[in-house]
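A.B. asks: Residue 58 in the numbering used here is what sits at position 58 of the sequence shown, and the numbering runs on without skipping anything.
All C-beta atoms, glycine included, are put in the ideal place defined by N, C-alpha and C.
Take this structure first; my questions come after.
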Amino acid sequence: MFTGIIEELGIVAAIDRRDDSAVITIDAKELVDDLGLGGSLAVNGVCLTSVRDEASSPPDGAPSESPGAFTAEVQGPFTAEVMGETLRLTGLGALRTGDRVNLERCTPASGRFDGHVVQGHVDGCGELLSRDDFDEWSILRIGIPNSLAPYTATKGSIALNGVSLTLTAVSEPSETSAWVEVGLIPATLTHTTFGDLAPGDPVNVEVDVLAKYTARLLSFHTEVTAPAEPAASATSATSATSATSAETTTLFNSTDSSTRQGADNA
1 MFTGIIEELG IVAAIDRRDD SAVITIDAKE LVDDLGLGGS LAVNGVCLTS VRDEASSPPD
61 GAPSESPGAF TAEVQGPFTA EVMGETLRLT GLGALRTGDR VNLERCTPAS GRFDGHVVQG
121 HVDGCGELLS RDDFDEWSIL RIGIPNSLAP YTATKGSIAL NGVSLTLTAV SEPSETSAWV
181 EVGLIPATLT HTTFGDLAPG DPVNVEVDVL AKYTARLLSF HTEVTAPAEP AASATSATSA
241 TSATSAETTT LFNSTDSSTR QGADNA
C-alpha cells in the first residue's frame, strides 16, 4: 500500500521491449538501497515488483533503447518486468529512456499516513487537457475515462501519476467527456513530474478505493423477507415460509411502481 506522497524523482535508464512485455530499469538513487528481490515500488502510480537487487547484473543479450545504460553511473537501479496489459492500460507504455518518473516506496506499518489510501492499481489512463500556470500555483485539467467519473467528487481524493491530490472540480454527469481538475503548489510541481507535464501527455488515474468499494456494495440487491406465520406442522411451516419468501422477493424486486409502493409501506 502507498499514500501518494512522492519520495523521489527517478530517471528511466533502460527499456527492454519484448513481444508483449518490457523490462524497465530506473535510476532510483538511494531510495532502493535496501529494496531486495520482490520488493515493491510505485512508478508513476503503478505498483511494480523488483526482479533484481542493486548488485545484480543487467539482462544479457537484450536490446535496449539506451545501450550502455547499465553502468556505474546508475547509482540505484530498480528493474521490473511489466506485462503487456500494464503497458497498454497505463502511461508506462509511453515511457522513453531519460524520462523522469514519480517514485514511492510502500508504506511501513510505523510510517506516517500523509496522503490517502493508494493501492498502486491504476484504474485507467487519462490525458492532460490543459494547464493554467500562475505565479504561486497551477490548475491542471485531466481528461479521464468516463467509467471513472462516478468515483470522483469535489474535495475528494485521487491519485494522478501516483501523486495524492485533492480534486478542486469535476465534470458534471451530463457532460459527454469526463474530466477532473487539481490545483498544484510550486513544491508539488518541483518534486513531481507535473512540472514537466504538457497537454496531451498521459496521466495514470487511480480513484479513491473507498468509492470503488462503496459502489461495489451498492451494486448488490439485498432481499428482504418477512417472518413466516407459526404453522401447526413442520410441513405447513416450510410451505408457508417458502410462499412468503417468494411473495416478498417478487414484491421487493418488482419494477411496477404501485407494487413497489405497497412494498415500501409494508
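Quick one: what's Glu136 bridged to in DSSP?
C.D. replies: The residue labelled residue 136 in the question sits at position 136 within the sequence shown. Per DSSP, none; premise fails for Glu136.
A.B. asks: So if DSSP puts Arg105 in a beta bridge, which residue, or which two residues, is it bridged to?
C.D. replies: Residue mapping note: residue 105 aligns to position 105 of the sequence shown, counting from 1. DSSP output for Arg105 lists Leu41 as bridge partner(s).
A.B. asks: Do Asn44 and Gly126 come within 8 Å of each other at the CB atom, strictly closer than that value?
C.D. replies: Position 126 of the sequence shown, counted from the start, is the residue given in the question as residue 126. Position 44 of the sequence shown, counted from the start, is the residue given in the question as residue 44. No, Cβ-Cβ distance for Gly126 and Asn44 is not below 8 Å.
A.B. asks: Run through DSSP, which three-state label would Ser147 get?
C.D. replies: To locate residue 147, count along the sequence shown from 1; it is residue 147. Of the three classes helix, strand and coil, the one that applies to Ser147 here is helix, per DSSP.
A.B. asks: Assuming Thr3 and Val118 make a contact with CB atoms under 8 Å, what is their CB distance in whole Å?
C.D. replies: Translated into positions along the sequence shown, residue 3 becomes position 3. Translated into positions along the sequence shown, residue 118 becomes position 118. Right, their Cβ atoms sit about 6 Å apart.
A.B. asks: Output the boundary residues of the beta strand (DSSP E) element that contains Ala159.
C.D. replies: Counted from its first residue, the sequence shown places residue 159 at position 159. Run containing Ala159: Ser157 to Leu160, per the beta strand (DSSP E) assignment.
A.B. asks: If you reduce the DSSP assignment to three classes, tell me which class Phe194 lands in.
C.D. replies: One-based indexing of the sequence shown puts residue 194 at position 194. Phe194 falls in the helix class under three-state DSSP.
A.B. asks: Over what stretch of residues does the beta strand (DSSP E) that includes Arg17 continue unbroken?
C.D. replies: Position 17 of the sequence shown, counted from the start, is the residue given in the question as residue 17. Element bounds for Arg17: Glu8 to Arg17.
A.B. asks: Does the pairing of the segment 88-96 with the segment 139-150 give three or more beta-carbon distances under 8 Å?
C.D. replies: No: fewer than three Cβ pairs fall under 8 Å.
A.B. asks: Measuring CA to CA, which of Thr49, Ser130 and Met83 is closest to Asp20?
C.D. replies: Here residue 20 corresponds to residue number 20 of the sequence shown, with the count starting at 1. Ranking the options by Cα distance to Asp20, first place goes to Met83.
A.B. asks: Assess, as a yes-or-no matter, whether the segment 110-124 is touched by the segment 180-188 under the definition of 3 or more beta carbon pairs within less than 8 Å.
C.D. replies: Taking 8 Å as the limit for Cβ pairs, the verdict is that the segment 110-124 does not touch the segment 180-188.
A.B. asks: Would you mind giving the Cβ-Cβ distance between Glu104 and Glu7, rounded to the nearest angstrom? I have them listed as a contact below 8 Å.
C.D. replies: If you number the sequence shown from 1, residue 104 lands on position 104. If you number the sequence shown from 1, residue 7 lands on position 7. Between Glu7 and Glu104 the Cβ distance is about 5 Å, and since that is below 8 Å, they are a contact.
A.B. asks: Do you know offhand how far Val207's Cα is from Ser147's?
C.D. replies: Stepping through the sequence shown from its first residue, residue 207 is reached at position 207. Stepping through the sequence shown from its first residue, residue 147 is reached at position 147. The straight-line gap from Cα to Cα measures roughly 11 Å.
A.B. asks: Could you have a look at Ala153 and say whether DSSP puts it in helix, strand or coil?
C.D. replies: In the sequence shown, the residue the question calls residue 153 occupies position 153. In the structure shown, Ala153 sits in coil (DSSP, three-state: anything other than H, G, I, E or B).
A.B. asks: Go ahead and pull the three-state DSSP assignment for Glu81.
C.D. replies: Here residue 81 corresponds to residue number 81 of the sequence shown, with the count starting at 1. Three-state DSSP puts Glu81 in a strand.
A.B. asks: State the CB to CB distance for the pair Asn204 and Thr25, rounded to an integer number of angstroms; the pair is presumed to be in contact (CB under 8 Å).
C.D. replies: Taking the sequence shown and counting its residues from 1, the one referred to as residue 204 is at position 204. Taking the sequence shown and counting its residues from 1, the one referred to as residue 25 is at position 25. Between Thr25 and Asn204 the Cβ distance is about 19 Å, and since that is not below 8 Å, they are no contact.
A.B. asks: Tell me which residues share the same chain as Ser130 and place their Cβ nearer than 8 Å to its Cβ, disregarding the 5 neighbours each side in the sequence.
C.D. replies: The count along the sequence shown starts at 1 and reaches residue 130 at position 130. Same-chain partners within the cutoff: Leu140, Arg141 and Pro199.
A.B. asks: Could you tell me which residues DSSP puts in a beta bridge with Gly183?
C.D. replies: Stepping through the sequence shown from its first residue, residue 183 is reached at position 183. Ile139.
A.B. asks: On a CA-only basis, which of Ser50, Arg112, Thr79 and Ala28 is nearest Val101? Give me that one, please.
C.D. replies: Within the sequence shown, residue 101 is the residue found at index 101, counting from 1. The shortest Cα separation from Val101 among Ser50, Arg112, Thr79 and Ala28 belongs to Ala28.
A.B. asks: Can you tell me the Cβ-Cβ gap for Thr190 and Thr168, rounded? I've got them flagged as a contact below 8 Å.
C.D. replies: As a position in the sequence shown, residue 190 is number 190, starting the count at 1. As a position in the sequence shown, residue 168 is number 168, starting the count at 1. In fact, because the Cβ distance is near 20 Å, the residues do not count as touching under 8 Å.
A.B. asks: Between which two residues does the alpha helix (DSSP H) holding Val209 run?
C.D. replies: The residue given as residue 209 occupies position 209 in the sequence shown. Where Val209 is concerned, the enclosing alpha helix (DSSP H) stretches over Val209 to Leu218.
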